[in-house]
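Student: Residue numbers (the working numbering): 178 to 433.
1. Could you check the C-alpha separation between residue 430 and residue 385 for me, to the nearest Å?
2. At what residues does the alpha helix (DSSP H) containing residue 324 begin and finish?
3. Are the region 370 to 389 and the region 302 to 313 in contact at 8 Å, needing three or more beta carbon pairs?
4. Quick check: the Cα distance between residue 232 and residue 220, rounded to an integer number of angstroms?
5. For residue 183, does the three-state DSSP call read helix, strand or coil?
6. Tell me the rounded alpha-carbon separation between residue 397 and residue 408.
7. Is the beta carbon of residue 341 less than 8 Å from the beta carbon of residue 295?
8. So the candidates are 391, 401, 400 and 363; which of them puts its Cα closest to the Cα of residue 418?
9. How would you label residue 317, buried or exposed, when you count the other beta carbons within 10 angstroms and need 16 or more for buried?
10. With a CB to CB cut of under 7 Å and the five nearest residues on each side skipped, what residues in its chain are close to residue 359?
11. I think residue 388 touches residue 423, with their Cβ atoms under 8 Å apart; what is that distance to the nearest whole Å?
12. Among 376, 428, 382 and 383, whose alpha-carbon lies nearest the alpha-carbon of residue 393?
13. Tell whether a beta-carbon distance below 8 Å holds between residue 368 and residue 362.
14. Using beta carbons (cut-off 8 Å, strictly below), is residue 397 in contact with chain B?
15. Could you tell me whether the Cβ atoms of residue 413 and residue 395 are closer together than 8 Å?
16. Return the CA-CA distance between residue 283 and residue 289, expressed in angstroms with no decimal places.
17. Can you tell me whether residue 334 is buried or exposed, with buried defined as 16 or more other CB within 10 angstroms of its CB?
18. From the DSSP secondary-structure annotation, give me the bridge partner or partners of residue 190.
19. Count the other CB atoms, across all protein chains shown, that sit within 10 Å of the CB of residue 420; report buried if there are 16 or more and exposed otherwise.
20. By alpha-carbon positions, which one of 355, 301, 320 and 302 ends up nearest to residue 291?
21. How big is the Cα-Cα spacing for residue 310 and residue 364?
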C-alpha cells in the first residue's frame with residue numbers, strides 16, 4: 178500500500194505521490210525546504226557564511242598585525258632619524274673645528290705678531306683702538322702692514338672704555354689736568370684718539386678731586402714760572418690753557 182498524505186487544501190488523504198488532489202483538484206508540491214536543490218543551496222550559503230566570518234577575523238587580525246608592524250617601523254625610523262641627526266651634528270661640529278684650525282694655520286705670521294704687539298700696547302699703555310692702529314703701522318712705530326694691523330684690531334680683546342679710564346687716571350695723577358682738558362686730550366687727533374663715548378666714560382667715572390688738581394697746577398705755575406695769582410687764575414680757566422671751571426680756579430688761587 179502506498180504512503181498517504183493529506184491534501185494541503187481540503188485535508189483529504191491522498192497518495193503521497195499524487196500531484197493533484199482527486200477531491201478538490203489542488204496541486205500538492207513538496208515544500209520548498211524539502212526539495213533537493215533548496216537543501217544544496219542552503220548548505221552552500223552556510224559554508225559561505227562560515228568562510229566569510231573566518232576571512233573577516235583573519236583580515237582584522239592581519240590589519241592589527243600590519244598596524245603594529247607599521248608603528249614599530251615608525252619608531253625605528255624616528256630613532257634612526259634621531260641617531261642620524263646626532264651624527265650629522267657631530268660631523269658638522271668636527272668640520273667647523275677643522276675649518277677653524279685650518280684658518281688658524283693660514284693666518285700669516287706677520288698678522289699674529291701684530292696681534293701680540295697690539296695686546297702688549299693695550300695692556301701696558303692703555304692705548305685706544307685708533308692709537309694702536311697708528312702705532313702698529315707707523316713708519317716711526319712698528320711698521321706692520323695695514324692688513325696685519327687691521328687683523329690685530331679686529332681680533333684684539335680689549336675694553337676700550339677701561340683703557341680710556343686708565344689713561345685718564347694717568348694724566349690726572351701725573352699732570353693734574355682738568356676734566357675738560359682730559360677729555361680733549363683723550364679725543365685729540367694729536368693725543369690719545371679715543372672716541373667721544375670712550376672719553377666721556379673715562380671722565381665721568383674718574384675718581385678725582387678737580388679742585389685739588391687745579392691747586393696742584395696753580396702751584397706748578399707759581400713755583401716754576403713765578404706767575405701772579407691773577408695770571409694763574411686766567412691760565413687755569415683759559416680755553417687755550419688748563420680749562421678748569423671758574424670755581425675750581427678760584428679755589429686754587431685762594432689756597433696758594
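From the three backbone atoms N, C-alpha and C, an ideal C-beta is built for every residue, glycine too.
These figures come from a predicted structure and were not determined experimentally.
Tutor: Quick answer:
1. 19 Å
2. 323 to 332
3. yes
4. The predicted position of residue 232 is uncertain, since its pLDDT is 49 and thus under 50; a value taken from the coordinates is nonetheless stated next. Rounded to whole angstroms, residue 232 to residue 220 spans 18 Å at the Cα level.
5. strand
6. 13 Å
7. no
8. 391
9. exposed
10. 345, 348, 349 and 380
11. The Cβ separation is near 12 Å, so there is no contact.
12. 428
13. yes
14. Absent here is chain B; the protein component of the structure consists of one chain.
15. yes
16. 11 Å
17. exposed
18. 183
19. buried
20. 320
21. 15 Å
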